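Colleague: Numbering (our numbering), first residue to last: 7 to 384.
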Amino acid sequence: MAGPEQQLILPLERVALPLHIETFLYALYVVLITYLLIRPWAARRTVALPLVIIISTSVMFVIFSLYWALDIYLVTAKFYYLRTPELVGVPGIQIQQGSWRGVPSTGGLPPQSFPLVYVQWVSQLVLLVLGDYVSLWRAWAIFGKPRWLYVSLLSTAVIESAIFIMLFITTSPAYFPTSAAFARVSAKARIPLTFIGYSMTGAAQLASTLLIAYKAWAYWKDVRTIVKSRHVAILIVVVESGIVYFVLLAQYGFTSFFDPKKSTWSAAVLSSFYSVPLIAMYPTLVVVLVASRRTVLEEASAEVSVGDMRFASNRRESTSHAISDVAPTVLTLVRVSSEEYEPDMDGESYTAHSAVESGGGELSRTEKGLGSRPPLSG
Numbered sequence: 007m008a009g010p011e012q013q014l015i016l017p018l019e020r021v022a023l024p025l026h027i028e029t030f031l032y033a034l035y036v037v038l039i040t041y042l043l044i045r046p047w048a049a050r051r052t053v054a055l056p057l058v059i060i061i062s063t064s065v066m067f068v069i070f071s072l073y074w075a076l077d078i079y080l081v082t083a084k085f086y087y088l089r090t091p092e093l094v095g096v097p098g099i100q101i102q103q104g105s106w107r108g109v110p111s112t113g114g115l116p117p118q119s120f121p122l123v124y125v126q127w128v129s130q131l132v133l134l135v136l137g138d139y140v141s142l143w144r145a146w147a148i149f150g151k152p153r154w155l156y157v158s159l160l161s162t163a164v165i166e167s168a169i170f171i172m173l174f175i176t177t178s179p180a181y182f183p184t185s186a187a188f189a190r191v192s193a194k195a196r197i198p199l200t201f202i203g204y205s206m207t208g209a210a211q212l213a214s215t216l217l218i219a220y221k222a223w224a225y226w227k228d229v230r231t232i233v234k235s236r237h238v239a240i241l242i243v244v245v246e247s248g249i250v251y252f253v254l255l256a257q258y259g260f261t262s263f264f265d266p267k268k269s270t271w272s273a274a275v276l277s278s279f280y281s282v283p284l285i286a287m288y289p290t291l292v293v294v295l296v297a298s299r300r301t302v303l304e305e306a307s308a309e310v311s312v313g314d315m316r317f318a319s320n321r322r323e324s325t326s327h328a329i330s331d332v333a334p335t336v337l338t339l340v341r342v343s344s345e346e347y348e349p350d351m352d353g354e355s356y357t358a359h360s361a362v363e364s365g366g367g368e369l370s371r372t373e374k375g376l377g378s379r380p381p382l383s384g
């Protein structure tokens with residue numbers, strides 16, 4: 007039978023491997039964001055990204071760095087706090103998080119760590135919102151940047167941000183001392199806000215994924231031309247369209263909202279060690295593909311646009327050739343008509359009719375621009 011110390015260590019061993027996986031993904035994230043930031047200075051063939059996208063991806067990296075550091079601290083704090091003989095409550099906390107959906111539990115943590123749990127939870131949802139911003143921008147760019155789509159996506163982003171801000175406020179009584187009245191109001195409003203917020207995130211991501219998937223279907227022949235292998239083309243389109251990202255979001259939302267929290271390390275907590283870093287990294291990966299001009303869908307769209315431009319250029323070129331063919335004839339007629347009544351040095355006149363009568367030799371010289379007068383008679 008395991009002793010008391012071993013009983014405390016066993017729950018922490020369950021989180022050791024997920025925490026190592028999260029640390030490994032964070033190291034990959036560092037390499038990815040470093041590549042994104044130094045590429046404009048290291049390579050010539052780059053795409054100028056909007057400033058808001060660069061800021062969003064940089065902020066996502068900073069937020070996930072905070073999230074990872076808090077994970078390390080909270081695991082350590084939980085281990086040391088579980089060794090204390092008595093777990094004391096926190097005065098002023100009106101709500102037990104175990105009865106709430108979509109929030110992490112403070113079980114097994116010291117009271118001074120409760121605000122840090124709240125900050126880490128907020129950072130998760132901020133990563134979701136910023137990831138939606140990048141996905142919506144990507145769909146708008148691939149779809150041709152129409153104004154109606156820009157207004158629709160911007161409205162979606164604003165509404166989603168407002169809902170999550172209200173969700174942050176109504177969740178605070180579970181981690182900070184507050185009044186009983188505000189705690190009751192928050193308890194009633196929080197569940198609908200959680201459901202609406204997760205639904206808005208899913209709807210925004212689903213809309214952007216469908217828009218990009220539609221373009222992938224429309225340009226599938228061009229994608230197959232760029233990528234010769236059918237299986238590789240399907241894999242690239244699946245990654246670039248955001249289907250994988252949507253599956254990650256669905257898994258995260260389902261486990262965090264419906265997990266019963268019967269244990270200290272629940273399924274939602276364990277899955278967050280790999281789902282949150284992947285959710286944070288995915289939009290940055292898409293931005294890196296765009297910046298390095300390795301996006302298949304954008305290249306296929308560009309080839310279609312270049313084809314249209316070449317067609318228009320050929321029409322202009324053929325028109326210019328037609329004009330250049332007509333121009334010498336028109337200039338010849340103008341020269342001939344202007345010289346028809348011009349006297350020569352001997353006082354005689356020389357006309358086009360005379361040139362024709364003499365065999366047309368001089369007229370051919372005139373058409374070629376080699377001369378406009380007949381030779382002087384000796």
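Even glycine gets a Cβ: it sits at the ideal position worked out from N, Cα and C. Quick caveat, the model's predicted, so the values are computed rather than measured.
1) Quick one: give me the first and last residue of the alpha helix (DSSP H) that Val-135 is part of.
2) Within its chain, find whatever has a CB closer than 8 Å to the CB of Arg-173; leave out the 5 residues flanking it on each side and keep chain order.
3) In its own chain, which residues sit with a C-beta less than 6 Å from the C-beta of Tyr-4, not counting the 5 before and 5 after it?
4) Mapping the DSSP letters down to three states, classify His-26 as helix, strand or coil.
5) Might you give, ordered along the chain, the residues of its own chain that have their beta carbon closer than 6 Å to the beta carbon of Ala-145, omitting 5 neighbours on each side?
6) What is the DSSP secondary structure of Val-109, counted as helix, strand or coil?
7) For the pair the segment 153 to 164 and the segment 177 to 193, tell me if three or more CB-CB distances fall below 8 Å.
8) On the CB-based measure, 16 or more other CB atoms within 10 Å of its CB, does Ala-251 come out buried or exposed?
9) Quick check on Leu-126: buried or exposed, where buried means 16 or more other Cβ atoms within 10 Å of its Cβ?
10) I need the straight-line Cα distance from Leu-291 to Trp-223, nearest angstrom please.
11) Thinking C-beta only, is Leu-133 closer than 7 Å to Ile-78?
12) Express the C-alpha separation of Ser-247 and Leu-142 in angstroms, rounding to a whole number.
13) Would a C-beta distance cut-off of 7 Å place Leu-254 and Leu-284 closer than the cut-off?
14) Going straight from the alpha carbon of Ala-210 to that of Ala-22, what length do you get?
15) Are Gly-62 and Leu-136 close, meaning C-beta to C-beta below 7 Å?
16) Compute the Euclidean distance between the alpha carbons of Thr-177 and Ser-192, then round it to the nearest angstrom.
17) Indicate the three-state DSSP secondary structure (helix, strand or coil) for Thr-184 in the structure shown.
18) Among Pro-116, Val-109, Gly-113, His-26, which one has its Cα closest to the Cα of Tyr-124?
19) Using the Cβ count rule (16 or more neighbours within 10 Å means buried), how would you classify His-26?
20) Measure the beta-carbon distance from Leu-55 to Leu-122 and round it to whole angstroms, keeping in mind my assumption that it falls under 8 Å.
21) Label Pro-152 either buried or exposed according to how many other C-beta atoms from any shown protein chain fall within 10 Å of its C-beta, with 16 as the threshold for buried.
22) Helix, strand or coil for Tyr-288 per DSSP?
23) Taking only the alpha-carbon atoms, compute the straight-line gap between Arg-245 and Val-140 and give it to the nearest angstrom.
24) For Ser-71, which of Leu-42, Gly-208, Ala-33 has the nearest alpha-carbon?
25) CB-CB under 7 Å to Ile-171, same chain, minus the five flanking residues each way: which ones, in chain order?
26) Applying the criterion that 16 or more other CB atoms from any shown protein chain within 10 Å of the CB defines a buried residue, is Ile-148 buried or exposed?
Modeller: In this structure, then:
1) 120 to 148
2) Looking at the sequence shown, residue 173 is not Arg but Leu. The residues are Leu-131, Arg-196, Leu-199, Thr-200, Gly-203.
3) Residue 4 is absent from the structure shown; the chain starts at 7 and stops at 384.
4) helix
5) Ser-214, Leu-217, Ile-218
6) coil
7) no
8) Looking at the sequence itself, residue 251 is Tyr, so the reference to Ala does not match. Flag for Tyr-251 reads buried.
9) It is worth fixing the name first, because residue 126 is Gln in this sequence and not Leu. So Gln-126 ends up on the buried side.
10) 22 Å
11) no
12) 11 Å
13) yes
14) 34 Å
15) According to the sequence as given, residue 62 is Ser; it is not Gly. Yes; because the gap between Cβ atoms is below 7 Å, this pair is in contact.
16) 7 Å
17) coil
18) Val-109
19) exposed
20) So it is not a contact: roughly 33 Å between Cβ atoms.
21) exposed
22) helix
23) This sequence places Val at residue 245; Arg is not what is there. Answer to the nearest angstrom: the Cα atoms are 14 Å apart.
24) Ala-33
25) none
26) buried
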